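The block underneath contains the structure these notes are about, expressed in structure tokens.
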Amino acid sequence: MQRSSSIGTAAALGAVILATDARATGYELREQSAVGQGAAFAGAAARGDDPSMIFFNPAAMAWLPGTQVAIVGSGVFPAVEAISGTATRNATLGGSRIAGSLGGDIGVDAFVPAVYATTAIGPDWRVGLSVTAPWGLVTKSANESISLYHALTSSLRTVDIAPAVSWRPLPNLAFGAALHIQYAVARLSNAVDFGAVGARAGLVPGSRDGRATVSGNDIDLGWQIGTQWEPLVGTRLGLAFRSAVFHGLKGDASFEGVPAPLTGPRDFAHTSARAKLVTPETLTLGLQQRIDDRITLLVGAEWTNWSRFQELVVTFDNGRAPSVTEQRWRDNWFLSLGGEYRWNEALTLRAGIAHDQTPVRTAERTPRIPDNDRTWLSIGASYALKPGVIVSAGYTHIFAPDARVELADPGPGSSNLLRGNLNSVYSASVDIVTAQLRFLF
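Written as structure tokens, this is what we have:
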């Protein structure tokens, strides 16, 4: 039973990295600024007009006078639902149909907070601090779904505390750097077909379903550097690089509904387990071009090194052999175009559009990541309530084409053996509403 048990446990642990929802590619969260949200984050690396821009480029605070604070809150409302699908067991297990629903809406509404503070400590120096949640997800499928052996519930949450500093050696040139102290916690579950695992002991596939639940956490460090340059009056270019953070998640694996023949110490007994989680590098470029006193053009591009995810290695502490799951993610680009219109001294309007490329290859798409390319359409505004107090808001609707999941169970020795064949089509869209208060002291 050792090999089968390893496969069943890996089916739960493997989702630490692979789970996601539709609010961003992979498990990246861009919802960190209402000012940026309103223009689909176009030109974010080049902006220096708001404390929240230090999330995208720590050099941004070099242009901010005095002491400033920004408080941001984003409501993310995904709708991710299988619109068709069938599932069957492997032929070696009888090839029977896996009965159940399509799983319902697996997207879970979420609130993403962020806080920023910057202050001038000299004519050319600024220091700042941000507290954000740059990576995260929550997805949940119905317990009776046909994809229950592949995915039930997934949760990944991060808290990132980043002290930052900037230096402006020339009137038109600034540099910045930040240290990222990042905490990550993951919890996930999926069903296990104990009837299939115990077939040799006389159990019948599909007759003894149980649940595997895994949780783990870690704290690790990363860094970020950036620069902004104004080659001409009204033109600002920005470039920023954020390092990867390598988390070694440590936690527990527990199981419910395990039949007596499978309760051995190296089978489905409670054990500790470890899995690596990487929040990958990003390279962000931005252009802010003032057309006249009212109109500003914004252009942005972000590259994310998702190709780090070629395989997932899960290690068990009870002597069970490690499990290796291929992922084969690819790097992706987020390309955005936006603009601002200064209506009057108090009111600024924004709009933007973006193309968000998926890192998931079609062959590796799963019900935990029914991910596809998507298009962002955003609008937003800022209004000065009184001197030193500015309120901003942004709204985005994300469109995505239907995503097909085609998982084939190759048979004995495969990590999909206990999960079966799955063919389904997912429809996805997201609405994001972001609000922000900015105080200038």
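Numbering-wise, the sequence shown is residues 55 to 495 according to this note's numbering.
By construction, the Cβ of each residue, glycine as well, lies at the ideal position given by its N, Cα and C atoms.
Since the structure is predicted, the reported quantities are computational estimates derived from the model, not experimental observations.
Taken in chain order, the whole beta strand (DSSP E) runs of length 3 or more contained in the segment 200 to 261 are 207 to 224, 227 to 247. Pairing Arg143 with Pro259 gives a Cβ-Cβ distance under 8 angstroms. Boundaries of the beta strand (DSSP E) harbouring Val134: 121 to 142, taken from the DSSP string.
For Ala88, the enclosing alpha helix (DSSP H) begins and ends at 88 to 91. Here the C-alpha atom of Gly120 lies approximately 31 angstroms from the C-alpha atom of Ile486. Between Gln122 and Ser184, the alpha-carbon positions lie close to 12 angstroms from each other. Assigned with DSSP and collapsed to three states, Glu418 falls in helix.
Residue environment analysis places Leu191 among the buried positions, since at least 16 neighbouring C-beta atoms fall within 10 angstroms of its C-beta. Under the 10 Å beta carbon count, Val443 is surrounded by fewer than 16 other beta carbons and is classified as exposed. Residue environment for Asp463: buried (at least 16 other C-beta atoms within 10 angstroms of its C-beta). Distances from the alpha-carbon of Asn359 to those of Ala438, Thr350, Arg382, Ser308 put Arg382 closest. Comparing alpha-carbon positions, the option among Tyr437, Arg396, Thr429, Ala438 lying closest to Phe453 turns out to be Thr429. Close CB contacts of Lys194 within its chain, under the 8 angstroms cut and outside five residues either way in sequence, are with Ile160, Val162, Leu206, Thr207, Ser208 (chain order).
When beta bridges are read from the DSSP output, Ile175 appears opposite no residue. Excluding five sequence positions before and after Thr402, the CB atoms of its chain that fall closer than 6 angstroms to its own CB belong to Glu394, Arg396, Ser436, given in chain order.
As the crow flies, the alpha-carbon of Ser243 is around 34 angstroms from that of Gly448. Collapsing the DSSP output to three states places Thr146 in a helix. Bridge pairing for Ala457: Tyr480 [DSSP]. Beta-bridge pairing by DSSP links Ser436 to Thr402, Ser446. For Leu389, the enclosing beta strand (DSSP E) has its first and last residue at 386 to 396. Judged by DSSP in its simplified three-state form, Ala164 adopts strand. In the structure shown, the three-state DSSP call for Trp383 is coil. In the three-state scheme derived from DSSP, where H, G and I count as helix and E and B as strand, Phe109 is classed as helix. Per DSSP, reduced to three states, the secondary structure at Ser361 is helical.
In the DSSP assignment, Asn271 forms a beta bridge with Val239, Lys304. As a beta-bridge residue in DSSP terms, Ser184 pairs with Tyr170, Ala216.
Within its own chain, the residues whose Cβ lies closer than 6 angstroms to the Cβ of Ala141, once the five positions on either side in sequence are excluded, are Ile152, Ile200, Gly474, Leu476, listed in chain order. Bridge partners of Val312 according to DSSP: none are assigned. In the same chain as Gln343, and ignoring 5 residues on each side of it, the C-beta atoms closer than 6 angstroms to its own belong to Thr289, Leu351, in chain order. DSSP places Ala298 in the coil class of the three-state scheme, outside both helix and strand. Distances from the CA of Ser128 to each of Thr317, Gln282, Pro167, Asn271 were compared; the closest alpha carbon is that of Pro167. Closest option to Ser261, judged by alpha-carbon separation, among Pro112, Lys304, Asp247: Asp247. By the Cβ neighbour-count rule, Arg296 is buried, with 16 or more other Cβ atoms within 10 Å of its own. DSSP, reduced to helix, strand and coil, places Ala99 within a helical segment of the structure shown. In the DSSP assignment, Thr429 is bridged to His409, Phe453.
The beta-carbon distance between Leu491 and Val445, rounded to whole angstroms, is 6 angstroms. This is short enough to meet the 8 angstroms contact definition.
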